[in-house]
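Residue 7 is where the sequence shown starts when you use our numbering, and the numbers rise one by one after that. No residue lacks a Cβ here, since even glycine has one placed at the ideal position from N, Cα and C. Remarks on the structure that follows.
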Amino acid sequence: MCKGFRSTLTGPALQWYINMPTKSIKSFAALSDKFVEQFASSRDLEKNSDDLYEILQHRNEPLRSYIARFNQEKVAIPGCNADTTISAFKRGLFPEGDLYKELIKYKCRIMEDVLCRAWAQVRWEEDVASRAKAGPKYNQKSSKPTRSDRDEPSHSKSARETNNPNRGKYQHRPLSRPEGMMVSTWPDISHLAISKPKLIGVLRQMGPQVKWPPKMKAAEANRNPKRWCEFHSDHGHTTEDCIALKMEVAELLKKGYLQDFLSDKAKNLLNKEGPDLLIEAAPALPPQQDRVIHVITG
7 MCKGFRSTLT GPALQWYINM PTKSIKSFAA LSDKFVEQFA SSRDLEKNSD
57 DLYEILQHRN EPLRSYIARF NQEKVAIPGC NADTTISAFK RGLFPEGDLY
107 KELIKYKCRI MEDVLCRAWA QVRWEEDVAS RAKAGPKYNQ KSSKPTRSDR
157 DEPSHSKSAR ETNNPNRGKY QHRPLSRPEG MMVSTWPDIS HLAISKPKLI
207 GVLRQMGPQV KWPPKMKAAE ANRNPKRWCE FHSDHGHTTE DCIALKMEVA
257 ELLKKGYLQD FLSDKAKNLL NKEGPDLLIE AAPALPPQQD RVIHVITG
């Protein structure tokens, strides 16, 4: 029987059997005892509920990740004790976290209640994180005028602005880039010394170098049929007001095209500062006023 036992062994067990001293085994029972003694530590131990206490939440670990690790370990334990599961889950939480404090204050009798509170905390944490990522967008929205500012009567605004000692201080000076909003977002193509119709003709001759825009996406009923754009080949705004045309001209200027059509002043500026300055140099013009109403308050 001892010789037949050898045929069932492979790997380290077979090597152990080969290395045994000759005539050191007198019976199969002795061989069995030595085999168990040698390889007892290699067998997989059955997990129990107390093993859950080894699962701990790391300091910067999201709660969702901790719950997933805990549940993965829990399902591998047959007949897991409910009270031990709840206790181990609480002990594994980061002690300074909100969920740990809540579970200590309010006792849960079943694991389903614990997970219900845990997933509610997960939703709160992830919502806070998503808002933090979208912070710049919320800040931009907050810069819009409030309803009270929009609804304020014009004479009240005039009186407030009249009492402002800084009013008019920078009225005739273009704002610099750090001061923000008055610098034109779109390039000023007035640097070109050709008319817009001729410019469109030049662009058509350039072939694939020019990216032509698609038709306007606005609904037909919302566009002015009297305003035609040669760049879009569609109506809705004029060629002079076409933002897509200005952007395309700016890109072409950066790549070195259209520079033969620049005005003399723009060519001198280009030679000194480079093409980017042609795009950033011109401030946006203030809207034209049809009339001015002066109000005297007292």
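Cα-Cα separation between A124 and K96, rounded to whole angstroms: 10 angstroms
When K223, V255, T245, R129 are compared against H197, the one with the closest alpha-carbon: V255
Under the three-state DSSP convention, the category M187 falls into: Interpretation of M187 is limited by its pLDDT of 35, a score under 50 that renders its predicted location unreliable; the figure taken from the coordinates is listed afterwards. In the structure shown, M187 sits in coil (DSSP, three-state: anything other than H, G, I, E or B).
DSSP beta-bridge partners of C235: D240
Meets three-Cβ-pair contact criterion under 8 angstroms: the stretch 239 to 256 and the stretch 204 to 217: yes
Assigned secondary structure, L109 (DSSP; H/G/I helix, E/B strand, else coil): helix
Buried versus exposed, by CB contacts within 10 Å (16 or more), G242: buried
Backbone CA spacing between T91 and P27 [nearest angstrom]: 49 angstroms
CA-to-CA distance, L105 to Y112, given in whole angstroms: 10 angstroms
Candidates M222, N230, F237, D133, of which the one nearest D216 by Cα: According to the sequence displayed, residue 216 carries Val and not Asp. For the residues M222, N230, F237, D133, the minimum Cα distance to V216 belongs to F237.
9 angstroms Cβ cutoff met for G98 and L69: no
Length-filtered (4 minimum) alpha helix (DSSP H) runs lying within the stretch 57 to 92: 69 to 80
Identified DSSP bridge partners for L268: L198
Inter-residue spacing [alpha-carbon to alpha-carbon] between E226 and D240: 10 angstroms
Bridge partner(s) assigned by DSSP for N230: G242
Exposed unless 16 or more other CB atoms sit within 10 angstroms - verdict on L20: exposed
Opening and closing residue of the alpha helix (DSSP H) in which K252 lies: 249 to 260
Alpha-carbon spacing of A94 relative to A135, whole angstroms: 27 angstroms
Of the listed residues M222, D89, S30, P101, nearest to C114 (C-alpha basis): D89
DSSP state of S136 mapped onto helix, strand, coil: helix
Local conformation of M26 per DSSP, three classes: coil
Under the three-state DSSP convention, the category S121 falls into: The amino acid at residue 121 is misidentified as Ser; the sequence shows Leu. If DSSP states are grouped into helix, strand and coil, L121 belongs with the helices.
Reduced DSSP category for V216 - H, G, I as helix; E, B as strand; rest coil: coil
For L99, three-class secondary structure by DSSP: coil
Contact check, T245 vs K202, beta carbons under 9 angstroms: yes
Counted within 10 angstroms of its Cβ, other Cβ atoms place V81 as buried (16 or more) or exposed: exposed
L205 in three-state terms, based on DSSP: helix
9 angstroms Cβ cutoff met for F34 and H64: no
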